[in-house]
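In what follows, a single structure is set out as C-alpha cells and then discussed.
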Amino acid sequence: MSKTLRINGKTHEVDLPDDVPLLWVLRDEIGLTGTKFGCGVTACGACTVQVDGEAMRSCQLSLGDVEGEVTTIEGLGSPDNMAKIQQAWVAHQVAQCGYCQSGQIMQAASLLAENPSPSDADIDEAMQGNLCRCGTYPRIRAAIHSAAKMMQEA
Amino acid sequence: MASLKKIARRSFLVGSAAILGGVAFGTYKYHQPAPNPLEPGEGKAVLNPFVFVDQSGVTLIAPRAEMGQGVRSSWAALIAEELDVDPAQVNVIHGPAAKAYYNSAMMAEALPGRGYNASDFQHSLGQIVGNFSKFLDLQVTGGSSSMKDGFTRMRLAGASARETLKEAAAQRLGVARALLETENGYVLAPGDVKLSYAELATEAAALEPQEPELRPAAQWKYIGKPVPRIDMTAKVTGTAGFGVDTRIEGMKFAAIKQNPHFGAGMRGFDASTAKDMAGVEQILDLGDAVAVVGSNTWLAQQAVEAIEVDWEPATYPKTTDAIFAEIEAAFDGSANSTMRDDGDVDSLPDGAELIEAEYRLPYLAHATMEPMNATALYTGDALEIWAPNQGPTVVQKAAAALTGLDTEAVTVNTTFLGGGFGRRIEVDYTNRAVQIAQQLKGTPVQLTWSREEDMRHDYYRPGAIGRYRAAVKDGKAVMVHGKIAAQSTTQEGAGRMLGLPMSGPDKGHVDAAFNQPLAIPNFRVEGYIAKPMIPVGFWRSVAASFNGFFSDSIIDEMAHKAGRDPLEFRLELARAEWEPAAKVLETVRDMSGWTGTTPAGIGRGVALAYSFGTPVAQVIEVADRDGDIAITKAWIAADLGLVVDPQNTEAQLFSGLAYGLSAACFGEITFDNGAVEQENFPDYDAMRMPSMPSVEVAVLQQQKHMGGAGEPGTPPAAPALTNALFDLTGKRARELPLNKQFSLL
Numbered sequence: 001m002s003k004t005l006r007i008n009g010k011t012h013e014v015d016l017p018d019d020v021p022l023l024w025v026l027r028d029e030i031g032l033t034g035t036k037f038g039c040g041v042t043a044c045g046a047c048t049v050q051v052d053g054e055a056m057r058s059c060q061l062s063l064g065d066v067e068g069e070v071t072t073i074e075g076l077g078s079p080d081n082m083a084k085i086q087q088a089w090v091a092h093q094v095a096q097c098g099y100c101q102s103g104q105i106m107q108a109a110s111l112l113a114e115n116p117s118p119s120d121a122d123i124d125e126a127m128q129g130n131l132c133r134c135g136t137y138p139r140i141r142a143a144i145h146s147a148a149k150m151m152q153e154a
Numbered sequence: 001m002a003s004l005k006k007i008a009r010r011s012f013l014v015g016s017a018a019i020l021g022g023v024a025f026g027t028y029k030y031h032q033p034a035p036n037p038l039e040p041g042e043g044k045a046v047l048n049p050f051v052f053v054d055q056s057g058v059t060l061i062a063p064r065a066e067m068g069q070g071v072r073s074s075w076a077a078l079i080a081e082e083l084d085v086d087p088a089q090v091n092v093i094h095g096p097a098a099k100a101y102y103n104s105a106m107m108a109e110a111l112p113g114r115g116y117n118a119s120d121f122q123h124s125l126g127q128i129v130g131n132f133s134k135f136l137d138l139q140v141t142g143g144s145s146s147m148k149d150g151f152t153r154m155r156l157a158g159a160s161a162r163e164t165l166k167e168a169a170a171q172r173l174g175v176a177r178a179l180l181e182t183e184n185g186y187v188l189a190p191g192d193v194k195l196s197y198a199e200l201a202t203e204a205a206a207l208e209p210q211e212p213e214l215r216p217a218a219q220w221k222y223i224g225k226p227v228p229r230i231d232m233t234a235k236v237t238g239t240a241g242f243g244v245d246t247r248i249e250g251m252k253f254a255a256i257k258q259n260p261h262f263g264a265g266m267r268g269f270d271a272s273t274a275k276d277m278a279g280v281e282q283i284l285d286l287g288d289a290v291a292v293v294g295s296n297t298w299l300a301q302q303a304v305e306a307i308e309v310d311w312e313p314a315t316y317p318k319t320t321d322a323i324f325a326e327i328e329a330a331f332d333g334s335a336n337s338t339m340r341d342d343g344d345v346d347s348l349p350d351g352a353e354l355i356e357a358e359y360r361l362p363y364l365a366h367a368t369m370e371p372m373n374a375t376a377l378y379t380g381d382a383l384e385i386w387a388p389n390q391g392p393t394v395v396q397k398a399a400a401a402l403t404g405l406d407t408e409a410v411t412v413n414t415t416f417l418g419g420g421f422g423r424r425i426e427v428d429y430t431n432r433a434v435q436i437a438q439q440l441k442g443t444p445v446q447l448t449w450s451r452e453e454d455m456r457h458d459y460y461r462p463g464a465i466g467r468y469r470a471a472v473k474d475g476k477a478v479m480v481h482g483k484i485a486a487q488s489t490t491q492e493g494a495g496r497m498l499g500l501p502m503s504g505p506d507k508g509h510v511d512a513a514f515n516q517p518l519a520i521p522n523f524r525v526e527g528y529i530a531k532p533m534i535p536v537g538f539w540r541s542v543a544a545s546f547n548g549f550f551s552d553s554i555i556d557e558m559a560h561k562a563g564r565d566p567l568e569f570r571l572e573l574a575r576a577e578w579e580p581a582a583k584v585l586e587t588v589r590d591m592s593g594w595t596g597t598t599p600a601g602i603g604r605g606v607a608l609a610y611s612f613g614t615p616v617a618q619v620i621e622v623a624d625r626d627g628d629i630a631i632t633k634a635w636i637a638a639d640l641g642l643v644v645d646p647q648n649t650e651a652q653l654f655s656g657l658a659y660g661l662s663a664a665c666f667g668e669i670t671f672d673n674g675a676v677e678q679e680n681f682p683d684y685d686a687m688r689m690p691s692m693p694s695v696e697v698a699v700l701q702q703q704k705h706m707g708g709a710g711e712p713g714t715p716p717a718a719p720a721l722t723n724a725l726f727d728l729t730g731k732r733a734r735e736l737p738l739n740k741q742f743s744l745l
C-alpha cells in the first residue's frame, strides 16, 4: 500500500494502510512533528495543514484520500526564514503554551491567501474551528490583521 | 524579628564551583546545600547552579515548567538583569530534576493569614517556611509562584557571577575590579580591553564567589519591561519540542485504555481482534489497564479500542446526583475550618434584609491542548523519562518507587508543556509510560493518550456547593456567612504529591472566600470537606475557581438587594479593608466607562477576587443579539506589586479570564455508572475566536508584595459574566455552566 506524497516540496514514499490519517503519517512516519494531535475528531484544529493551499484537518484526512501538495507549518517558514504571518505572530507575542499555534497559523495563512484583508467577522468565521485553551485569541486576531498589512505592503 | 529577617536574607547565600572548562554560579539555600544535580566533574561540587559559563559561552538554567506563562523567559531575565547578558543571546535550558531547584514560594502560600494584610514579618517567615519545601523535593511549577520564588535568588545568582567574572578579569589585567564594567557577556576594562565571560570562566572558578549588592530598580534593563519570549520563534515555526514531539532512535508508539471507573481494577480482557490489526506489535497487561505498542500512535489507538475489557465497577457514588448528595452531606458534619469569623453571624441585625443563596459548580477537566503523554526508556538499571511535566522531582520519585530503582537512576527530561493548568503536576501519565517501558526493556516508548482517555481520566476540579446567608441594611453590607463543601484538593492532591497524609484546617479549600479584602462587620466562612470520591486535583486557581464565584455572586446579590450600584458597593467594602483592592475596582471602572446604567440590550457585570497574592477586578459586557447573548467586551485590572514582564503578565491575565469563561459557559464533567460522560471537545467545549470578548488589561504595581499572575485572572471571570447576565436578563445564575441556561453565541 505504498503511496507517494508531496509535502513541503519534497516527495515521500509511505507504506501504511490507507485509513491512517495524514496527521499520524506526518508525525510518526515522516517525523514532521510541528503538526499537532489535539482531539482526533476535527474539533480543535491543532492538526491543521494545507492541501493545495486549503486548510484541512489532518486528523480526519485519510492517507488514501490525500490528493495534492501538502504544506505543514515546517513548510511555511523556518526559524531563520519565517513567513510574514509567523513574523506577525512573533511581533504580537501570540503564543503561550504554543501547542495549538501551528494549526492556528496554517488556518490563518489559508484565510489570508483567499482574503487579503479580512474583517473581524471574516476572522471569526475562519478561525472558529481552532481551539486555544490559553485563550490567545485577542493576539491571534491582532496578528492576522498585522500579517494582512505586511503581505499587502510586500 | 530582626534576626528572622537576617535568616531570610542569609538563606540566599551565593556560591560557585569549577566545572569542566568553566564555572557554575548559583545560590545556596538555608544552610545545607542540596546535592549537585549536574555532576560537573569528579571531585567537584556545585550548589544549585543557575548560571554556567564555559568556553562555549553562557547557559542559564530556568528549572520551571514552560506551560505558556513565559516562565523560561522571565526567569532568564532575572538572571540576565544582573549578569549583563541578553537573554535572547544566551542558551536557556530547563535543567534536570533536582532538589536544588526547589520552589521556595509555593509553601509560603500555605501559611495562615489572609495574605493581603500580611506584615513584613509574615513575609520573612514565609520565605523561611518556603525553604522547607526542599526537604519535600518540591521542584514544582504551580501556585502562581515562579516570580516570587526566583525574584531575589536569580538576581543574586546573576550578580555573583558577574562580580566574580569581573574579579577574574581584574586579577588577569592587574586593575581594580571597581574600574571594570560589564556589557552583553563581556567584561570591559579601561583602554578598550574586552574580555568575554567564556574566556574568564576557568579563572573565575578558582575564586571565592563575590556577594554583591543587587542593583536598584532604577537601573533595571529587563525587569519591568516587555522582553520578547525566547520560545516564541520555536512555537510559531513548529520547532518547539513538546512531550509528544520526543523522538528517540528506535522508539515505539503506544496507546492505552484505562478503567473508566476510577481506582477500580480489571477482571480480564480479550485482545483477539486487536492482536492481528495493522501496526500492532505488542499487547500489554498493565494490571488495571491495557496498552498496545506498535509502529504508529493511531494504529495503536485503533487496536486498543478494539480490545474488550471487563472492568471492575466503581466503588463510589455512580451518578452526578449521588456524588452531589455526598458533597451536600458534608454540611451535616463539623466544619473543617473557620478561617474568618468576624462579628456575629448567628443573629440578624435589627432591620436587616436577609438573602439566602445556594450555588453549585460542577467538576471540571483541565483539557490541556496537548493530551497526556510521556516517553520512557527502561534498561533494567536505569530509567529515562521525557515528559511535559510540572514537577520533575515528583515524577522522578514516583518512577523510582514504581520500578524499585534509586532516584539517582531516574533521569527526567522536561519538554515544553502543551498547557498545564495544574494537570501536569500529577504523575499518572508518566507512571503509565514507565509501566509500559518496563515491559519493553531497552526500547524507548512513547505513550500518548487519546483525547477521550484524557477527558475521562483527569484529576478534576472538585464539584462544589456554596451556601450563603447574607444581610444588607440601609444600603450597606452587614453580614456574610458562607459555608463551602467540596472534596479537598489540598488533602487529596497535595497528599498524593507529597506522599503524606494531610490534615488540619485546610486553607486552600476556602481560598478566595475567607480572605476577600472586604470590610463586612459580621463575616464568617466555614469549609466543609466531602469524602474522596472522584480524583480531584489542582485546576487553574484551585479552590479560588469556585470560591471566587460564590463570594462575588453573593456580594452582587447583596448590592442589588440593597439597591446599590454593584461596583460602588464593592468599592466601599474594599476601600475600608485594603486599598489595592479598591484601586483595581476604580481602574476597571474608569477603563470600562462604568456608569451604573447600560442601554437596552446591553448588560454589564463586575467582579472582584483576591487570590495568589493578587487582587483582580473584571468588568464584562454582554449584548442581546436577537435573543442570543454575545460576550462582547472585558476589562481587567490587577495589582501585582512588582511585575517582571508586563506584556507576559497581560497575557496571563486575559488567559486566566478565557479559562474561567470557558468553564463558566461550557465546562461540566458529569458522571453516570461511575464514569465520566464527556469524551472530547464537542461535549467539553471552550471559548473560541467568535465567543471570546475583546479584552483590555491594566497591570498595576502599587501593593507592597509581589502577587502571582497565572491564576488570579480566573476566579473573577465567571461571576463577572453571571453578574452581567443578571444585569441583561434579570436572571441570576447560581449554577454553571451557562450554556444550559442561556442561549450563548
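Protein chains in written order, with UniProt numbering: chain P, 1 to 154; chain Z, 1 to 745. Even for Gly, the Cβ is constructed at its ideal location relative to N, Cα and C. On a predicted model such as this, the values are computed, not experimentally measured, just so you know.
Within chain Z, the residues that residue i reaches when beta carbons sit closer than 8 Å
i, result
"P:Met82", "Thr233, Val236, Thr237"
Partners in chain Z for residue i, counting only beta-carbon separations shorter than 7 Å
i, result
"P:Cys39", "Arg451, Asn680, Phe681"
"P:Pro118", "The premise fails here: P:Pro118 is roughly 12 Å from chain Z at the closest Cβ pair, so nothing lies under 7 Å."
"P:Glu74", "Gly238"
"P:Val90", "Met232, Thr233, Val236"
"P:Ser78", "Thr237"
With 16 other Cβ atoms within 10 Å as the buried cut-off, status of residue i
i, result
"Z:Phe121", "Note that Z:Phe121 scores a pLDDT of 47, beneath 50, so its modelled location is shaky and nothing firm can be said."
"P:Ser119", "exposed"
"P:Asp28", "buried"
"Z:Gln219", "exposed"
"Z:Gln618", "buried"
"Z:Pro377", "With the sequence shown as reference, residue 377 of chain Z is identified as Leu, and Pro is not the correct amino acid for it. Looking at its Cβ environment, which holds 16 or more other Cβ atoms inside 10 Å, Z:Leu377 is buried."
"Z:Gly442", "exposed"
"Z:Lys134", "Only weak support exists for where Z:Lys134 lies, its pLDDT of 40 falling under 50; the value from the coordinates is given anyway. Flag for Z:Lys134 reads buried."
"Z:Asp626", "exposed"
"Z:Lys221", "exposed"
"Z:Asp285", "exposed"
"Z:Pro190", "exposed"
"Z:Ala206", "exposed"
"Z:Gln89", "exposed"
"Z:Gly43", "Any reading at Z:Gly43 is ruled out, since the residue's pLDDT is 32, under 50, leaving its predicted position unreliable."
"P:Pro79", "exposed"
Beta-carbon neighbours of residue i, restricted to chain Z and to distances below 9 Å
i, result
"P:Asp29", "Contrary to the premise, residue 29 of chain P reads as Glu rather than Asp in this sequence. Neighbours of P:Glu29 on chain Z, chain order: Ser295, Asn296."
"P:Ser102", "Lys235, Val236, Thr237, Gly238"
"P:Gln93", "Gly70, Pro226, Pro228, Arg229, Met232, Gln647, Asn648, Ala651"
Beta-carbon separation (whole angstroms), residue i vs residue j, contact threshold 8 Å
i, j, result
"Z:Phe546", "Z:Leu361", "5 Å"
"Z:Tyr684", "Z:Met455", "6 Å"
"Z:Ser743", "Z:Ile602", "The pair is not a contact, with the Cβ atoms about 16 Å apart (cut-off 8 Å)."
Interface partners of residue i on chain P, CB under 8 Å
i, result
"Z:Pro716", "None at all; the shortest Cβ gap to chain P is about 15 Å."
"Z:Ser655", "Gln96, Cys134, Gly135, Thr136"
"Z:Arg247", "Gly31, Thr33"
"Z:Thr393", "By Cβ distance, chain P contributes nothing, its closest Cβ being about 22 Å from Z:Thr393, past 8 Å."
Contacts that residue i makes with chain P (C-beta to C-beta distance below 9 Å)
i, result
"Z:Tyr659", "Arg133, Cys134, Gly135"
**Request:** Check distances from the C-beta atoms of the stretch 365 to 382 of chain Z to those of chain P and list, in chain order, the residues that come in under 8 Å.
**Result:** Flagged, chain order: Ala367, Thr368, Met369, Glu370, Pro371.
**Prompt:** Taking any Cβ of chain P, which residues in the stretch 291 to 310 of chain Z have a Cβ under 7 Å from it, in chain order?
**Reply:** Here the close residues are Asn296, Thr297, Trp298, Leu299.
**Asked** What are the residues of the stretch 9 to 24 of chain P that lie near chain Z, defined by any Cβ-Cβ distance shorter than 8 Å?
**Response** So the close ones are Leu16, Pro17, Val20, Pro21, Leu23, Trp24.
**Message:** Contact between the stretch 256 to 273 of chain Z and the stretch 308 to 321 of chain Z is defined here as three or more beta-carbon pairs at a separation below 8 Å; is this criterion met?
**Reply:** These segments touch.
**Message:** Quick check: the stretch 378 to 387 of chain Z against the stretch 482 to 489 of chain Z, are at least 3 beta-carbon pairs closer than 8 Å?
**Reply:** No: the two stretches stay apart, fewer than three of their Cβ pairs being nearer than 8 Å.
**Request:** Could you please tell me which residues of the stretch 682 to 702 of chain Z, in chain order, have their CB closer than 7 Å to any CB of chain P?
**Result:** Against chain P - using a Cβ distance shorter than 7 Å - the residues of the stretch 682 to 702 of chain Z are Pro682, Ala686, Met687, Arg688, Met689, Pro690, Met692, Ser694, Val695.
**Message:** Beta carbons nearer than 9 Å to chain P: which residues of the stretch 69 to 80 of chain Z have them?
**Reply:** For the stretch 69 to 80 of chain Z, residues whose beta-carbon sits nearer than 9 Å to a beta-carbon of chain P comprise Gln69, Gly70.
**Prompt:** Between the stretch 80 to 95 of chain P and the stretch 7 to 27 of chain P, do at least 3 Cβ pairs fall closer than 8 Å?
**Reply:** Between the stretch 80 to 95 of chain P and the stretch 7 to 27 of chain P, the count of C-beta pairs closer than 8 Å stays below three; the two stretches do not touch.
**Request:** Quick one: which residues of the stretch 218 to 232 of chain Z get their C-beta closer than 9 Å to a C-beta of chain A? List them in chain order.
**Result:** Note that chain A does not occur in the displayed structure, where the protein chains are P and Z.
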